[in-house]
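Set out below in structure tokens:
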């Protein structure tokens with residue numbers, strides 16, 4: 001079985017979390033999922049729901065079957081999430097990052113071309129990607145406090161890699177404004193208890209931006225039917241560099 005192209009939009013935007021969950025996974029670029037909107041559902045975790053005219057931004061990884069199985073367990077498939085194949089608009093990573101494992105990127109950070117990564121003017125390539133989503137839990141809710149922290153870590157990573165600030169400030173951070181406390185069965189957070197308390201009930205403000213109306217991509221076929229026939233080899237680019245800082249944490253976060 002070959003590798004799976006995976007579109008991450010929640011706390012798996014973080015290389016550090018992906019290195020713990022899927023150590024062999026390779027970062028290949030960013031993408032947009034058209035016709036969907038980001039939400040925090042009643043479970044307190046990220047989800048995407050159908051909304052014509054909107055889009056969700058995220059990062060793409062290639063997963064070995066072993067890592068995909070690990071990620072299925074971490075995401076609570078099939079109870080908390082199901083896996084579906086969706087067409088995404090794909091933008092390849094710059095050459096210095098392309099295809100490196102997340103474990104390598106965390107241990108040996110590479111400077112990135114922030115200007116290139118943030119170039120929103122070009123259209124991407126339409127590819128099929130696997131997406132974790134919930135069709136059962138679609139009621140808007142509040143995130144768990146520890147999840148706000150993990151989401152913020154992932155968002156900082158994603159912004160450096162080219163995910164647009166307008167999307168983050170207008171679509172994601174409003175959903176993270178107010179936490180609902182700590183899970184009774186939560187594991188130790190990779191941040192200190194002091195930091196966690198500072199996020200409880202906190203509000204994260206972002207300045208509004210102008211939203212560009214995205215083009216709608218065609219609907220995808222079911223994931224299991226389509227995954228073996230859709231492959232994309234991203235291109236390379238060059239440019240001035242800025243530092244990308246990553247560190248490995250030892251504790252395993254709770255599901256999302």
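Numbering (the UniProt record's numbering), first residue to last: 1 to 256. Glycine included, C-beta positions come from ideal geometry on N, C-alpha and C. Everything numeric in this text was worked out from a predicted model, so none of it was measured.
In this structure residue 41 touches residue 138 by the C-beta definition: roughly 6 Å separates them, less than 8 Å. DSSP places residue 153 within a helical segment (H, G or I) once states are collapsed to three. A direct Cα-to-Cα measurement between residue 59 and residue 173 gives close to 17 Å.
As the crow flies, the alpha-carbon of residue 106 is around 11 Å from that of residue 157. When the beta-carbon positions are compared, residue 67 and residue 25 come within less than 8 Å of each other. Between residue 76 and the set 132, 99, 84, the nearest pair of CA atoms involves 132. The beta carbons of residue 143 and residue 44 sit closer together than 8 Å. Distance check between residue 65 and each of 153, 46, 4 places 4 closest, using alpha-carbon atoms only. If you ignore the 5 residues before and after residue 80, its C-beta comes within less than 8 Å of the C-beta of 43, 45, 134, 137, 255, all in its own chain and listed in chain order. For residue 43, there is no enclosing beta strand (DSSP E), since its DSSP letter is neither H nor E. Residue range 125–133 is occupied by the beta strand (DSSP E) that includes residue 129. Distances from the CA of residue 30 to each of 181, 129, 82 were compared; the closest alpha carbon is that of 129. Per DSSP, the continuous beta strand (DSSP E) segment holding residue 92 begins and ends at 82–92. Excluding sequence positions up to five before and after residue 23, its CB lies within less than 6 Å of the CB of 103, all in the same chain and listed in chain order. Judged by their CB atoms, residue 6 and residue 27 are not nearer to each other than the 8 Å cut-off. Residue 103 carries a helical assignment under DSSP once its states are collapsed to helix, strand and coil. Distance from the Cα of residue 88 is smallest, within the candidate group 19, 100, 168, 34, for 34.
Pairing residue 86 with residue 36, the inter-Cα distance amounts to about 11 Å.
When only Cα atoms are considered, residue 72 and residue 127 end up about 21 Å apart. The alpha-carbon of residue 155 is positioned some 21 Å away from that of residue 182. The Cβ-Cβ distance between residue 90 and residue 57 does not fall below 8 Å. Considering only 108, 165, 54, 49, the residue with the shortest C-alpha distance to residue 82 is 49.
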